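Structure record follows, encoded as structure tokens.
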Amino acid sequence: MVKNSCIFMFILLVTMGCTSNANTSVREQNGYEINADQENPHKNASSEEISENPDSETTERNNQQKELEDLAIEVNGQVYNESSQFSEYVTGVKTRLNTEEKVIALTLDACGGENGSGYDEELIAFLTENNIKADLFINSRWIDEQYETFVELAANPLFTIQNHGTEHKPLSVTPRSAWGISSTSSQEEIVEEIMENQIKILEITGEIPQYFRSGTAFYDDTAIQIAEDLGVQVVNFDVIGDGGATFTKEEITQEMLKANPGSIVILHMNQPQSETAEGVKEAVLALLEQGFSFVHLSEYDLE
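Going by mature numbering (1 follows the signal peptide of the UniProt record, and there is no 0), the letters in the sequence shown line up with residues -22 to -1, 1 to 281, in that order.
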């Protein structure tokens, strides 16, 4: 649990990390080719197949998409209790790995939108060169603006692709706001915010994300139940690593070194002008020296 003293830093996270301004290749993944030379079929256009897959894999992916669409319809038809909580730490939100081993999960948000669609190549290059695993929480709008980069990241086995929403909204069944950002306002909007990007990621990568983090990381308790019924775990963090890409190198290093066994760290990969890469480099090397290793969320149960 993040202490109360971190609330101000969390404000920076949601207001700066997702709003500050900010290679073409062919990779194989799961037996099919992803061609980054192609024009992005998801930007200002309806979704289409993006690779020349064997018929069996195309059929499998289409079947998976149909299952997700049917699940969305089913969940929209369910009746849920009224919400009684709204915060980043409502019941059901996961913030840690359930382990005492010296492992840490790095989670990198890419928020998208007018001022949140940059790409921190230096950060990703460091993680790749040092064989550091990370889970990337990607917003639909970021995919649209960084399509070729997204395809390359999805093909990198060090990274998993997770769901950071369609419009980067807090999740609530009634109108609310978090840090000045309006939430969804109905059960149907929650389903749409999760599932539109869930299906987009499936179409591009052939994989269905296991985890979801909303814009601002705020939810009501009904939204958590809806997300679980849609097949995703809601994941936040217990370490705010870069304060929404506003921290200095020294502050980032200081915060990341507060990580404990099982910590989940939030960082941002969409603000290349920030000092995130430099701070992460120093912190990761120090944590490795302390005997920590970096893992994917899926390697442990979450709590």
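Beta carbons are placed, not taken as given, at the ideal position from N, Cα and C, and that holds for glycine.
All values reported here derive from a predicted model rather than from experimental measurement.
Query: Run of the alpha helix (DSSP H) containing Gln232, from where it starts to where it stops; Result: Lys227 to Met234
Query: Nearest-angstrom Cα separation, counted from Ser155 out to Leu84; Result: 27 Å
Query: Leu180 vs Leu49 beta-carbon contact at 8 Å; Result: no
Query: Sub-8 Å separation of Lys72 and Val273 beta-carbons; Result: no
Query: Leu114, DSSP secondary structure in three states; Result: strand
Query: Alpha helix (DSSP H) segments (min. 4 residues) lying fully within the stretch 42 to 129; Result: 99 to 107 and 118 to 123
Query: Alpha-carbon to alpha-carbon, Val210 and Asn134; Result: 22 Å
Query: Buried or exposed by the 16-neighbour rule on C-beta atoms within 10 Å, applied to Gln249; Result: buried
Query: Reduced DSSP secondary structure (H/G/I, E/B, other) of Val210; Result: coil
Query: Exposed unless 16 or more other CB atoms sit within 10 angstroms - verdict on Ser194; Result: According to the sequence shown, residue 194 is Thr rather than Ser. It counts as buried.
Query: Straight-line gap, Ser161 to Asn214 (C-alpha atoms, nearest Å); Result: 17 Å
Query: Pairwise C-alpha distance: Ala112 and His142; Result: 15 Å
Query: Pairwise C-alpha distance: Gln232 and Gly221; Result: 12 Å
Query: Cβ neighbour criterion (16 or more within 10 Å) applied to Val129; Result: buried
Query: Rounded straight-line distance, which links the Cα of Thr224 to that of Glu253; Result: 8 Å
Query: Contained alpha helix (DSSP H) runs [length at least 4] in the stretch 216 to 275, N- to C-terminal order; Result: 227 to 234 and 254 to 267
Query: Element boundaries [alpha helix (DSSP H), containing Thr138]; Result: Premise fails: Thr138 lies in the beta strand (DSSP E), Phe137 to Asn141, not in any alpha helix (DSSP H).
Query: Beta bridge counterpart(s) of Tyr189 as assigned by DSSP; Result: Gln211
Query: For Pro148 and Thr77, the rounded distance between their alpha carbons; Result: 29 Å
Query: Neighbourhood of Ala201 by C-beta distance below 7 Å, restricted to the same chain and skipping five residues each side; Result: Leu149, Ser150, Val151 and Ile168
Query: Terminal residues of the alpha helix (DSSP H) in which Gln134 lies; Result: Note on identity: in this sequence residue 134 is Asn, with Gln being the wrong assignment. No alpha helix (DSSP H) contains Asn134, which DSSP labels as neither H nor E.
Query: Residue from Asn109, Gly55, Lys44 and Ser95 whose Cα sits closest to the Cα of Lys259; Result: Asn109
Query: For Ser155, three-class secondary structure by DSSP; Result: strand
Query: Cβ shell of Ile159 (< 8 Å), same chain only, five flanking positions each side left out; Result: Val(-9), His146, Lys147, Pro148, Gly193 and Thr194
Query: Distance CB(Ile139)-CB(Glu171) smaller than 8 Å; Result: no
Query: Cβ pair count under 8 Å reaching 3, the stretch 116 to 131 against the stretch 83 to 102; Result: yes
Query: Residues that DSSP places opposite Leu280 in a beta bridge; Result: Leu75
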